[in-house]
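Step one of this worksheet: look at the structure below.
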Amino acid sequence: MSAITLQHLVKRFGAFTALKSMDLAIADGEFIALLGPSGCGKSTTMNIIAGMETPSEGRILFGERDMAGVPMGRRGVGFVFQNYAIFTHMSVRRNLDYGLRMTGRPAKEIARRTSAMAELLGLTDLLDRPAQGLSVNILQRLAIGRSAVMEPAIFLLDEPLSNVDAAFRAVMRTELKSLQRQFKQTMVYVTHDQLEAMTMADRIAVMDHGVLQQVGTPLEVYNTPANTFVARFIGSPGMNLFTGTLTTTSAGLAVDLGPLGISPPLALAQAAAAQQAKGAVIYGFRPEEVGLAPPSEPAFDLPLSLTERIGARTILHLGTPQAEVRAVFQSGTAIPEGLLRLAPAPAAVRLFDAGTGTALLVA
Amino acid sequence: MTRSVAFEAFRYVAILIALAVTLIPILWMASMAFKPVAEWQATGANLTWIPNDPTLDNFRFLFGESNSNLIVALDRTAGKPILSSLLSATFGTILAMTAGTAAAYGLSRFGSGANLPLALIQLRLFPPMAVMIPVMMMWAFLGLMDTWWGLALVYGIVTLPFAFWLMKTFFDEMPKEIEEAALVEGCSRWRVFIRVTLPMMAAPLAAASLFVFILNWSDYLIALLLTTRNWVTIPVYMASLSSSMTGQLYGAKAALGLIAAVPPVILGIVIQKHLVRGLTFGALKQ
Amino acid sequence: MTLTDTQPLIPIKRAKDEGARLGFRLTLPAQLLVLFIAVFPLLMQLYISLTDWSPLSGASWPQAWQFWNSFANYSEMIADKRLWSALGRTLFIIAICVPIEFLLGLGLATLFVDDFPGKRVAYSILIAPMMVVPAVAGYMFFMLFQSGGPVNDILSWFTLDPVAIAWLSDRHLALVAVMVTDIWQWTPLMFLILLAGLVGVPADQLKAAALLGASPWQRFRTIVIPRMKTIIIIALAIRVIECFKIFDTLFIMTGGGPGVATETISVYIYKVTTNDLIWGYVAAIALAILIVLSIGAVWAMKRLAR
Chain A
3 MSAITLQHLV KRFGAFTALK SMDLAIADGE FIALLGPSGC GKSTTMNIIA
53 GMETPSEGRI LFGERDMAGV PMGRRGVGFV FQNYAIFTHM SVRRNLDYGL
103 RMTGRPAKEI ARRTSAMAEL LGLTDLLDRP AQGLSVNILQ RLAIGRSAVM
153 EPAIFLLDEP LSNVDAAFRA VMRTELKSLQ RQFKQTMVYV THDQLEAMTM
203 ADRIAVMDHG VLQQVGTPLE VYNTPANTFV ARFIGSPGMN LFTGTLTTTS
253 AGLAVDLGPL GISPPLALAQ AAAAQQAKGA VIYGFRPEEV GLAPPSEPAF
303 DLPLSLTERI GARTILHLGT PQAEVRAVFQ SGTAIPEGLL RLAPAPAAVR
353 LFDAGTGTAL LVA
Chain B
58 MTRSVAFEAF RYVAILIALA VTLIPILWMA SMAFKPVAEW QATGANLTWI
108 PNDPTLDNFR FLFGESNSNL IVALDRTAGK PILSSLLSAT FGTILAMTAG
158 TAAAYGLSRF GSGANLPLAL IQLRLFPPMA VMIPVMMMWA FLGLMDTWWG
208 LALVYGIVTL PFAFWLMKTF FDEMPKEIEE AALVEGCSRW RVFIRVTLPM
258 MAAPLAAASL FVFILNWSDY LIALLLTTRN WVTIPVYMAS LSSSMTGQLY
308 GAKAALGLIA AVPPVILGIV IQKHLVRGLT FGALKQ
Chain C
115 MTLTDTQPLI PIKRAKDEGA RLGFRLTLPA QLLVLFIAVF PLLMQLYISL
165 TDWSPLSGAS WPQAWQFWNS FANYSEMIAD KRLWSALGRT LFIIAICVPI
215 EFLLGLGLAT LFVDDFPGKR VAYSILIAPM MVVPAVAGYM FFMLFQSGGP
265 VNDILSWFTL DPVAIAWLSD RHLALVAVMV TDIWQWTPLM FLILLAGLVG
315 VPADQLKAAA LLGASPWQRF RTIVIPRMKT IIIIALAIRV IECFKIFDTL
365 FIMTGGGPGV ATETISVYIY KVTTNDLIWG YVAAIALAIL IVLSIGAVWA
415 MKRLAR
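Protein chains in written order, with my numbering: chain A, 3 to 365; chain B, 58 to 343; chain C, 115 to 420.
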């Protein structure tokens, strides 16, 4: 009943196309994150699911039911706005029980459900306080509680943690996740913060410029990005990507990386994938997958230009800004002075078609 | 919000009705202004919204040309009342804006004259009639009765609250950094006010001045009491046209009404962005 | 020379002094004007209100003491039936016109919240009436309400019979005509102010309410109106105060007549001032009004401050 299906969804605002034919199937009870940079269309998608916008083309189905023409008050969705949209002229209680009152539930039921939700979210002491002037953390809980008390089958959250301070964000992530497990709602979560998406979501839908780039579990999206956008967007820092041409060397199929001066050979699996290439390829590897290469192996031979120490990790920037390799090491690792010889683990190399950017996948 | 078709239809019908109700009186007066004498009193089936025989006679009549269809002639033309309205409204505006802007700046930047906001609002609270007798007495004593400058003085005082409150909210909203930069450079505060602040405030000053001008131009009661013959303003002159004549001079008065009413309406539409602020003494902005 | 701690303060203090001096000079003109129009007239009114003076008496006003009658004017005021009915009539007009203007203005404002084609033009036209010179508006409606005029003409379309109501000669209909004029001229003001208030209601909260199942009417009742409380009070206060002063349109339309059928408080005072010329009495009335209104204003301010 609360599975969501988006079929060929297109949304235009005048001359501007916000969504270009999006297809997505969200399972009942799934926690899916819509992840992408500003302007990618994730909020538009969610507004369409909620009924605040109508699609220019395409359909939305909740379960089997086509939602065209169903007004937003009747869709049974909960919605948490980025700025919470709390009714600041009412008390906390009147905010919490607003939906129940407007839909005419009996007074006893309203009281019972309200106090239960307040209890759950730690708002009981604040029930009769005016909502105006409360801290952001409390407002956020109130926003969630106000929608949750209606027990919607589908819960939509539009970057709810972006205004919350960092310490509290971690707490809220776990709370939201446990709420979702408890009520078994289908949760659609819009964010530009990949850490949130990676830690909370069952699946992530990565979007850019109105196009769905990839849908998959966090691990899938991380390990097997579908294209160079996802490869660069996911991971902090994103994947190192270099354009090169396939050549044959004594060690087998390799990628000539031109200005970088090396032609690393490809492992068997990648070599097989490389057969699908129609020209130049993009050679990619995650900064975490880099290690010091033995002298006999081909490696990136680059001077260290910048070191970023972020507590447990250290990010090294090597080479020039035009041809930069980023490497991530645990902070305790000993790093030799001078030129470093680094190579990625062969199995971690990912290849992409240089023309389209799509991943060349191991068949 | 996406609205239903029924709502959109209702909206259009309601707005059309509102527009019709708004325009009908104005259009009737406009049509009457261009009607010849024969059509002034047409009733029933002869009543027309567009003159059968449009003419500029009414306007000519106001400015001295005698109308062969009217047995009466004006003892004076509309020229002087128009001049009187212009002079008294303009100079009243200048007075109100000068005193008001200065005081608003003084309060906004230096906190001087803290009693003014309340005092000026109280000024608008009282019915003009309740203060006019002493004003008439004073004006008679000072020789200001029946003069455009005497009128301008009253206008300046009566619209001072609007000038003050409008400019005060504008000054309060203006960031102080630019002034402070000039102060650091060594300008005296007075020079800062004249050379820096006022030029930056040109647009709000213009809007406030137009607003005050509209109010002064629209006055009737004060002019009715303070002018008798020489410097009557347009509304007083217009009202007097029938009391000294036999029969209603519909067309001529309608023409005069157009002359009096059209400029402020146009000015008001020009400054419409500032109307809410002006009418609520800065309590609300648009 | 050594720099001491106090030296940096001197330029600042000088600046502050300079500011205070300039501020005083800047506010001086306004203060003088207010003094001129508030204090002197008040004292003069007080003086002659205690006399039986009239400009016809032959003496100039400084010699009004010759006609001293202490508080006789004030007691006469209380018994003055015409005064009280004028006051009642004024309050009646306020009680009818202001609510109607409010409701019509609010209704129109709700239609203007969204964008639609032609909105700017429609808006400009709809605010025009309040900028029409009130005296001219009075004459416009004088013409409209003539027995051979357009109002009767339009009514005839509906009743199919020729309608020839003599609006301005009938005691009750004249009042109706006057109120219609006021509503025509000042509904746009309510529209203007209430629209500004409506637009200030956060759209997100309205959407959130809709998603929680609230109908348009429920959203209006629980979110729009409560958030507009202050603006509504301001709009009503402004309109009530201005309506109390009503003169120009009414006087041009009916002159206060027929008889005293449309005589409001301002018209009454005007008539006594210019026809009967008993200025001592009028001064007493004026002072009484000023005192009552001042007390009312102070009381209202105290309530608002709470």
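We put the CB at the ideal spot given by N, CA and C, even for glycine.
When you compare each of B:Ile251, B:Trp274, B:Ala280 to Leu201 (chain B) by their alpha carbons, which one comes out closest? B:Ala280
Any alpha helix (DSSP H) of 4 or more consecutive residues that is wholly inside the segment 348-391 of chain C: 362-368, 379-385
Contact between the segment 191-204 of chain A and the segment 153-171 of chain A (3+ Cβ pairs under 8 Å): yes
For Ala329 (chain A), does the three-state DSSP call read helix, strand or coil? strand
Do the segment 251-259 of chain B and the segment 307-323 of chain B make contact, defined as three or more Cβ pairs closer than 8 Å? no
Just the chain C side, please: which residues come within less than 7 Å of Thr105 (chain A) by C-beta, in chain order? Gly327
Cβ of Pro138 (chain B) less than 8 Å from any chain C Cβ? no
At the level of alpha carbons, what is the spacing between Leu272 (chain B) and Ala312 (chain B)? 21 Å
Pairing CB atoms from the segment 185-198 of chain C with CB atoms from the segment 392-404 of chain C, are three or more of them under 8 Å? yes
Using a Cβ-Cβ distance under 8 Å, would Trp206 (chain B) count as near chain C? no
Chain C within 8 Å of Ala239 (chain B), Cβ atoms only: no
Proximal residues, the segment 327-345 of chain C versus chain A, C-beta separation under 9 Å: Gly327, Ala328, Ser329, Gln332, Arg333, Thr336, Ile337, Pro340, Arg341, Lys343
Roughly how many angstroms separate the alpha carbons of Trp106 (chain B) and Ala75 (chain B), rounded to a whole number? 19 Å
For Leu182 (chain B), the first and last residue of its enclosing alpha helix (DSSP H): 173-182
Considering only the beta carbon of each residue, do Leu243 (chain A) and Thr226 (chain A) sit closer than 8 Å? no
Please classify Leu317 (chain C): is it buried, with 16 or more other beta-carbons within 10 angstroms of its beta-carbon, or exposed? It is worth fixing the name first, because residue 317 (chain C) is Ala in this sequence and not Leu. When all chains shown are included, Ala317 (chain C) counts as exposed.
Would you tell me roughly how many angstroms separate the C-alpha atoms of Phe338 (chain B) and Ser165 (chain B), rounded to the nearest one? 15 Å
Check the Cβ of Gly75 (chain A) against every Cβ in chain C and list those closer than 8 Å, keeping chain order. Ala324, Leu325, Leu326, Gly327, Ala328, Ser329
Throw me the rounded Cβ distance for the Ile34 (chain A) and Ala203 (chain A) pair, which I believe falls under 8 Å. 6 Å
Report the neighbours of Tyr233 (chain C) on chain A: residues whose CB is nearer than 8 Å to its CB, in chain order. Reading off the sequence, residue 233 (chain C) comes out as Lys, not Tyr. Result: empty, since nearest Cβ-Cβ is about 17 Å, beyond 8 Å.
Simplified DSSP assignment, three categories, for Trp167 (chain C): coil
Locate the alpha helix (DSSP H) running through Gln142 (chain A), then write down its first and last residues. 138-150
Spatially closest choice to Thr7 (chain A) from A:Arg315, A:Leu98, A:Ile62, by CA coordinates: A:Ile62
Endpoints, the beta strand (DSSP E) within which Thr147 (chain B) is located: Thr147 (chain B) -> not in any beta strand (DSSP E); alpha helix (DSSP H) instead, spanning 136-167.
Tell me which residue opens and which closes the beta strand (DSSP E) that Leu113 (chain B) is part of. No beta strand (DSSP E) contains Leu113 (chain B), which DSSP labels as neither H nor E.
What's the gap between the Cα of Leu178 (chain A) and the Cα of Met200 (chain A)? 14 Å
Which residues, taken in chain order from the segment 71-97 of chain B, show a beta carbon closer than 8 Å to some beta carbon of chain C? Ala71, Ile72, Ala75, Leu76, Val78, Thr79, Leu80, Ile81, Pro82, Ile83, Trp85, Met86, Met89
Quick one: what does DSSP say Glu65 (chain B) is sitting in, helix, strand or coil? helix
Is the Cβ-Cβ distance between Thr204 (chain C) and Gly394 (chain C) less than 8 Å? no
Please say whether Asn115 (chain B) and Ala90 (chain B) have beta carbons closer to each other than 8 Å? yes
Beta strand (DSSP E) segment containing Ala35 (chain A), residue limits: 33-37
Residues near Asn287 (chain B) in its chain [Cβ-Cβ closer than 6 Å; skip 5 each side]: Asp203
Output needed for Ile165 (chain A): all residues of its chain with C-beta closer than 6 Å, excluding positions within five of it in sequence on either side, in chain order. The displayed chain sequence assigns Asn, not Ile, to residue 165 (chain A). These residues qualify, in order along the chain: Val138.
For Pro264 (chain C), which residues in chain A fall below 7 Å Cβ to Cβ? Ordered by position in chain A, no residue passes the 7 Å Cβ test against Pro264 (chain C), which lies about 44 Å from the chain.
Does the beta carbon of Val79 (chain A) come closer than 8 Å to any beta carbon on chain C? yes
Is Tyr100 (chain A) close to chain C, meaning its C-beta is less than 8 Å from at least one C-beta of that chain? yes
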